[in-house]
Every structure is written in structure tokens, then in C-alpha cells.
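Notes follow once the structure below has been shown.
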Amino acid sequence: WQRMYRSTHAWGRKGVTMAAISAIDLAIWDILGKSVNKPGFKLLGGRTKEKIPVYYSKLYRTDIKAMQDEAQNYMDEGFTMFKSRFGYGPAHGTKGVAENLKAVEAIREVIGYDNDLMMECYMGWNLEYAKRLLPKLEKFQPRWVEEPVIADDIDGYAELNQLTSIPISGGEHEFSLYGFKQLLDKKAVSVVQYDTNRVGGITAAHKINALCEAYSVPVIPHAGQMHNYHLTMSTIASPMAEYFPMFDVEVGNELFYYIFDGEPVAKDGFVQLDDNKPGLGLTMKTEFLDQFNIVE
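Following the numbering used here, the numbering of the sequence shown begins with 1 at its first residue and continues without gaps.
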């Protein structure tokens with residue numbers, strides 16, 4: 001791992017280089033687990049929880065009634081934590097602010113305040129807009145607001161994290177252990193959400209887990225997927241995991257859903273990992289491989 005990381009330094013510490021290192025590292029951990037007939041979480045230290053609490057992550061901004069129905073459907077399936085996406089940003093002005101607040105209020109009407117609600121911005125705001133909207137969101141008690149501004153603006157994150165009682169989360173666009181130390185030192189985020197597919201795979205993510213534990217900051221990896229569940233299971237720093245329900249996605253965007261079998265299905269808001277499935281617990285759907293050949 002160190003050889004890959006150090007020898008590619010001149011190629012950039014963010015972006016495709018780190019994604020490639022991550023992919024290789026994930027494959028190696030899967031091979032390692034299968035070679036010794038142990039699941040990944042046991043190689044990382046073992047269970048820290050009987051099963052993994054997961055939050056339902058979809059609720060994209062659509063028609064208000066459709067969002068409420070979606071929330072109700074998954075609450076009926078046993079979920080108690082939900083993440084939704086804001087649909088409006090600075091370009092939409094005062095009307096957009098009102099629409100964002102309207103959507104949050106509508107979801108709260110369905111799930112109440114005994115269930116958690118998290119809100120995702122995906123870097124769609126700027127600092128001024130975030131400072132304008134965050135105080136208005138406090139009454140809805142979001143568990144966190146995610147990536148309010150562009151990931152490069154660490155000082156902006158730190159300012160927003162101190163602005164209101166709402167925790168600010170982020171990290172899916174940070175690519176190194178050193179970058180996460182900077183985020184934590186500056187108190188820029190109250191929840192760390194690294195992406196294992198970007199930070200250097202399980203090898204790096206395991207180190208970030210330990211770092212977050214030392215800073216007493218919860219770490220909740222970005223997206224579902226088995227490698228994140230193994231990391232979540234094996235650390236006390238991670239109280240929950242993100243969960244995307246199975247749904248039709250554009251081929252080329254979420255290949256994971258097309259080429260692997262073994263992704264667990266949540267039951268009553270929890271995901272369980274099998275002690276008897278070695279490695280990451282996935283098998284490849286060989287019938288789809290021809291669709292994803294790379295032609296030079």
C-alpha cells in the first residue's frame with residue numbers, strides 16, 4: 001500500500017489516482033479474507049455490535065407528497081433514521097430557501113421527532129447561503145447537515161460547524177489520512193464520512209477510524225456497500241451506516257449494483273453480516289462482465 005501511495009505522489013493526491021489505489025486495496029482485502037476463510041470485519045478486529053443500525057438514504061427532492069409517501073413506506077419497514085437531499089441552492093433565491101424549509105418540515109410531519117433526519121447538500125451551497133439557512137433549520141433538529149459547501153473550503157466548514165447547534169458532516173471528497181487530521185484539528189466537521197473508494201481502500205479507512213476514535217468524532221462511511229459495513233462493524237467509532245435501497249440505476253453510474261451479489265438487505269433498520277462469508281462476502285455476477293469490457 002505504501003509503495004502505491006508514495007510512488008504516485010506526483011500524479012495527485014486527490015481523484016482518480018486514489019480511486020485506483022482504493023480499488024486495488026479492496027480487492028486485496030477480499031482475497032486475504034477468502035484465503036484464510038474469515039470475513040473482513042474479523043480481520044479488522046471483530047464485531048463491535050451485534051448488527052449495524054442503518055439509515056435510509058434517498059428521499060431526493062421531488063413532489064412533497066411523493067417524499068412523504070416514500071418516508072412513510074420505509075418507516076413502515078422499520079427504519080428510524082432518514083437522509084434527504086435539498087433541492088435548492090443560492091441560484092434559487094428566497095423562493096428556494098422557502099422550498100428547502102418546506103421539504104424538511106414535510107418529512108418531519110411524517111417521521112416525527114423520535115426518528116433521526118439528516119440533510120444532504122452535496123456542496124450545492126456557498127458559505128453565505130449556508131449561514132443564511134442553517135439557523136432556520138435548527139427548529140427541525142437535523143442530526144447533521146452534510147457537505148454544505150465545496151470540500152476545499154475547510155475554514156468555511158469550521159465556521160459553519162460553530163455557527164448553530166446543527167452538526168456539520170463531510171469527508172466524502174477528502175482523499176487522505178492527513179486531510180482528515182486537518183479536518184479534525186480545525187473542528188471542521190462533527191461527523192466524518194470518508195469514502196472507502198477514494199481514501200485508499202480499507203487499509204486507509206481503518207486508520208481514519210482509529211483517528212476519529214481518538215478525537216471522539218463519529219465516523220459514518222459514505223454510501224452503503226459491503227466494505228463500508230465491514231469497517232462499521234469493526235470500530236466503536238462508527239454508530240451506524242448509510243443504506244441505499246435497491247433501485248434501478250443508470251448503467252455506468254453505479255456498477256456495484258450490477259456486477260456483485262451478496263449486498264445485504266436491511267431488516268427493521270439493521271444490516272447483519274455473516275460470520276461464515278469470507279472476505280467482503282461478495283461474489284461476481286459473471287454474466288454481466290461482457291457489458292463492462294474495456295476496449296483499448
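Where a beta carbon is used, it is the ideal one built from N, C-alpha and C, also for glycine.
The structure presented is a predicted model; accordingly, all values stated were derived computationally and were not measured.
In this structure the segment 15-25 does not lie against the segment 233-242, because fewer than three pairs of beta carbons, one per stretch, are closer than 8 Å. Between residue 243 and residue 271, the C-beta gap is smaller than 8 Å, which places the two residues in contact. For the options 288, 78 and 194, the alpha carbon positioned closest to that of residue 151 is the one of 194. When the Cα atoms are used, residue 46 and residue 290 turn out to be separated by approximately 37 Å. The C-beta distance from residue 165 to residue 146 rounds to 16 Å, too long to fall under 8 Å, and the pair is not in contact. In the three-state reduction of the DSSP assignment, residue 266 falls in the coil class. In terms of CA proximity to residue 64, 102 leads the group 81, 96, 102 and 227. By the Cβ criterion, the segment 127-139 is not in contact with the segment 57-77, since fewer than three pairs of Cβ atoms, one from each stretch, lie closer than 8 Å.
Apart from sequence neighbours up to five positions away, the residues of its chain that approach residue 37 with a beta-carbon distance below 6 Å are 278, ordered along the chain.
Annotation note: the segment 93-161 contains the following uninterrupted beta strand (DSSP E) runs of length 3 or greater, listed N- to C-terminal: 116-120 and 144-146. Membership of residue 226 in any beta strand (DSSP E) is not indicated; the residue belongs instead to the alpha helix (DSSP H) covering 226-233.
Residue 39 and residue 30 have their C-alpha atoms spaced approximately 8 Å apart.
Relative to the Cα of residue 134, the nearest Cα in the group 114, 106, 163 and 184 belongs to 163. Beyond the five residues adjoining it in sequence on each side, residue 144 comes within less than 8 Å, by CB distance, of 118, 119, 166, 167, 168, 169, 190 and 191 in the same chain, given in chain order. As a beta-bridge residue in DSSP terms, residue 261 pairs with 283. Taking a 10 Å sphere around the C-beta of residue 24, we find fewer than 16 other C-beta atoms and assign the residue as exposed. Under the three-state reduction of DSSP, residue 218 is assigned to coil, being neither helix nor strand. For the pair residue 179 and residue 282, the Cα-to-Cα distance works out to about 30 Å. In its chain, beyond the 5 residues on either side, 40 and 41 have a beta carbon closer than 6 Å to the beta carbon of residue 230. Here residue 123 really is in contact with residue 149; their C-beta atoms are around 6 Å apart, less than 8 Å. The Cβ-Cβ distance between residue 22 and residue 171 does not fall below 8 Å.
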